[in-house]
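Heads up: the sequence shown begins at 1 in UniProt numbering, then just goes up one per residue.
Ideal placement from N, C-alpha and C gives every residue a C-beta, glycine not left out.
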Amino acid sequence: MTSNAIIPLNTDQSCRHLMPAVKSEQDSLPEMREEMGIIQRLVAEFSKEREELQSVAELFRRQSVRKFYSLLSGYDHSITEKSELCAEYSLRSEYWKRVMALTDVLSVMTSEKRQAWNEQFCFDRYSMRDGSKQVIPDFTAEAVIPTVMGLLNDRNQFMRERVYGVFTSLSRSHKTNKAFGFSTRMIITGVCEMVKRFNGPSQPDFKSRNIEPLSELRVVCAFFRQSKVCDVLDTARLVERCVHQYGFRQWIDIDGYAVRFRVYKNGSMHIEINQTLAEQMNNILSAFVPLALPAERHKEKLKQAREFPLKKNVLDFDSRMQLGEMKFSYSEREKCWAAFRSGGYLSLDKGTDTILHDVFRTIGARVENYYVYMDYCPDEILRYLSQVGAMPDQVAHQLYQSSRKISDYVAGLLSMGEGDTLLEPSAGQGALLQSFSKTDSIHCIEVDQLNAQILKAKGFDVEEADFLAWSKANPGKKFSHIAINPPFSENRARLHLLAAATHLAPGGCMAAVLPLSFRHEDALLGDEFSWDLVHEFKNEFEDTSITVCVVYIQRIT
1 MTSNAIIPLN
11 TDQSCRHLMP
21 AVKSEQDSLP
31 EMREEMGIIQ
41 RLVAEFSKER
51 EELQSVAELF
61 RRQSVRKFYS
71 LLSGYDHSIT
81 EKSELCAEYS
91 LRSEYWKRVM
101 ALTDVLSVMT
111 SEKRQAWNEQ
121 FCFDRYSMRD
131 GSKQVIPDFT
141 AEAVIPTVMG
151 LLNDRNQFMR
161 ERVYGVFTSL
171 SRSHKTNKAF
181 GFSTRMIITG
191 VCEMVKRFNG
201 PSQPDFKSRN
211 IEPLSELRVV
221 CAFFRQSKVC
231 DVLDTARLVE
241 RCVHQYGFRQ
251 WIDIDGYAVR
261 FRVYKNGSMH
271 IEINQTLAEQ
281 MNNILSAFVP
291 LALPAERHKE
301 KLKQAREFPL
311 KKNVLDFDSR
321 MQLGEMKFSY
331 SEREKCWAAF
341 RSGGYLSLDK
351 GTDTILHDVF
361 RTIGARVENY
371 YVYMDYCPDE
381 ILRYLSQVGA
391 MPDQVAHQLY
401 QSSRKISDYV
411 AGLLSMGEGD
421 TLLEPSAGQG
431 ALLQSFSKTD
441 SIHCIEVDQL
451 NAQILKAKGF
461 DVEEADFLAW
471 SKANPGKKFS
481 HIAINPPFSE
491 NRARLHLLAA
501 ATHLAPGGCM
511 AAVLPLSFRH
521 EDALLGDEFS
531 WDLVHEFKNE
541 FEDTSITVCV
551 VYIQRIT
């Protein structure tokens with residue numbers, strides 16, 4: 001650490017395995033070449049703007065020009081050395097904020113550390129008028145580079161302090177909370193109190209300050225998930241909304257199933273995390289507090305923790321907050337559900353804006369100018385995304401939706417009549433069913449919760465389950481028709497097709513969208529079934545270039 005750093009920084013190495021540390025300015029240059037280049041450009045921009053600022057200030061200090069300044073600004077005062085200094089401090093502060101925006105260090109800091117940073121680097125013009133002695137450090141390469149490097153080195157120390165803050169906020173009157181570290185379940189108190197309303201039942205009054213440990217825990221989870229780390233501002237509102245919807249004493253999953261909680265009327269909140277996260281937090285805690293036990297010594301006590309669903313993609317907090325604030329209403333003019341993109345949405349950084357566009361595309365929305373349009377009411381989908389934020393990974397879930405052309409063909413092939421029933425074993429968001437009549441009796445199986453919510457919003461009868469497991473548990477369920485577009489990878493198409501055939505009633509028929517390699521698999525299902533290759537489709541799936549075949553299968557006996 002060089003002597004040019006502006007703030008004192010710790011360089012404790014006990015938790016460096018969480019994030020590679022920047023060792024020194026010289027060592028970091030190959031790894032941070034792009035960031036260093038940006039810093040150098042910012043310093044050059046600052047120097048140029050400061051020279052221009054000084055020139056303008058010098059101009060307005062002239063007696064002959066002072067009058068014009070008053071006319072232009074509407075203020076009858078002169079430019080003094082103090083006002084010029086305030087202007088330069090404001091410029092310095094702006095550039096310090098810009099360079100810090102290149103990292104997530106401010107988001108990782110504890111609130112106390114962040115407040116100290118703001119007091120040193122965020123200029124307050126009004127307090128200076130009242131006699132404040134605030135001095136904003138100069139924005140030079142000699143000051144900026146070692147300061148940023150030191151903060152990056154201390155990033156893990158800041159996170160350890162946040163973990164310790166969560167630990168100290170746990171209730172000491174509940175035996176569930178261990179004195180030596182984290183278990184998979186923890187309890188905080190004072191989350192709400194029941195308040196008697198005039199001429200009405202008691203209602204919960206939620207205490208944002210006492211819900212703060214849950215916010216901190218969510219940030220820690222995002223850190224370990226290597227997701228975008230930022231302050232969570234909506235946790236109290238999320239808790240209030242969830243309790244209102246699900247009620248007290250009900251487990252509520254959030255943040256990609258990494259955390260769940262339930263609230264009791266006495267104001268206590270039970271929080272549950274998975275075993276891996278508890279061990280990671282205990283590793284940090286044992287380095288921060290010597291008396292805390294490392295994870296290995298109490299791993300046996302954690303063995304009863306429940307298994308959490310594995311979701312590959314979890315939306316960052318900013319994106320989820322924006323989605324949670326969107327309000328859709330039905331537009332008679334457009335004959336669909338519409339929402340105006342607010343000013344807050346329009347001011348998002350490019351990264352979050354791109355993420356939201358991907359989310360809209362994934363859930364079947366279309367974005368036009370300042371509006372987002374949906375063919376179904378998305379209220380429950382937006383609630384789920386803002387609360388849980390788990391998006392199915394396209395490759396892992398094989399989410400390649402059938403085109404309208406394929407759906408038209410399959411619907412015409414099956415030609416359902418009165419009294420017929422149809423099974424869609426891998427329904428996704430219902431793309432294969434879009435050409436079927438809304439009055440048809442259709443039963444969908446879908447493994448992903450988000451897609452199941454979308455199917456329900458579209459009016460389908462849905463069971464949220466893995467089809468292969470559902471098939472084993474329901475061998476007696478038969479359908480007159482089956483439309484299936486199974487996942488293709490890892491032999492899943494074959495397994496799904498074999499399982500689907502067991503649910504076809506005698507005389508029933510199935511239309512299957514399959515990989516082209518199934519053209520010659522006519523003996524796969526045995527003598528009970530007839531097998532006809534009826535058509536091939538090329539490049540009919542978004543995000544992938546593939547040729548598929550549609551096979552018409554009928555159960556003879």
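Taking C-alpha positions only, residue 104 is separated from residue 270 by approximately 29 Å. In the DSSP assignment, residue 262 is bridged to 270.
Counting only runs that start and end inside the segment 148-225, the beta strand (DSSP E) elements of at least 3 residues fall at 185-188, 192-196, 202-206. The segment 438-451 makes contact with the segment 413-428: 3 or more CB pairs, one atom from each, lie closer than 8 Å.
In this structure, the alpha-carbon of residue 555 lies about 25 Å from that of residue 465. At least 9 Å separates the beta-carbon of residue 263 from that of residue 213. In the three-state scheme derived from DSSP, where H, G and I count as helix and E and B as strand, residue 62 is classed as coil. Assigned with DSSP and collapsed to three states, residue 421 falls in strand.
In the three-state scheme derived from DSSP, where H, G and I count as helix and E and B as strand, residue 331 is classed as strand. In the DSSP secondary-structure assignment, residue 510 is bridged to 482, 553. Of 360, 385, 340, the smallest CA-CA separation from residue 314 is found for 385.
Residue state for residue 318 is assigned as helix, using DSSP reduced to three classes. Proximity to residue 380 across 455, 408, 371 peaks at 455, based on C-alpha coordinates. Under DSSP, the beta-bridge partners assigned to residue 444 are 424, 462. The beta carbon of residue 495 sits closer than 7 Å to those of 468, all from its chain and outside the five residues before and after it, given in chain order.
Among the bridge pairs identified by DSSP, residue 336 is matched with 331. Cβ contact annotation for residue 453 (same chain, cutoff 7 Å, sequence separation greater than five): 380, 381, 384, in chain order. For residue 232, same chain residues with a beta-carbon under 7 Å away, outside a window of 5 residues either side, are 215, 218, 219, 317 in chain order. Taking C-beta atoms as the reference points, residue 500 and residue 471 count as a pair closer than 9 Å. Here the segment 235-246 makes contact with the segment 191-210; the two share three or more CB pairs at distances below 8 Å. DSSP, read as helix, strand or coil, puts residue 326 in coil.
Taking all protein chains in view, the Cβ of residue 82 is surrounded by fewer than 16 other Cβ atoms within 10 Å, so the residue is classified as exposed. By the criterion of a C-beta distance shorter than 7 Å, residue 519 is surrounded in its chain by 533, 549, once the five residues flanking it on both sides are discounted. Here residue 96 carries a helix assignment [DSSP, helix/strand/coil].
Residue 112 and residue 47 have their C-alpha atoms some 31 Å from each other. Collapsing the DSSP output to three states places residue 235 in a helix. In the structure shown, residue 504 adopts extended strand secondary structure according to DSSP, grouped into three states. DSSP places residue 547 within a strand segment (E or B) once states are collapsed to three. The segment 356-374 and the segment 323-335 touch, with three or more beta-carbon pairs separated by less than 8 Å. In the three-state scheme derived from DSSP, where H, G and I count as helix and E and B as strand, residue 36 is classed as helix. The segment 509-518 and the segment 482-489 touch, with no fewer than 3 CB-CB distances between them shorter than 8 Å.
Between the segment 139-159 and the segment 171-179, the count of C-beta pairs closer than 8 Å stays below three; the two stretches do not touch.
The Cβ neighbour count for residue 408, taken over all protein chains shown within 10 Å, is under 16; the residue is labelled exposed. In terms of CA proximity to residue 259, 276 leads the group 266, 276, 248, 404. Only exposed fits residue 528, as fewer than 16 other CB atoms lie within 10 angstroms of its CB.
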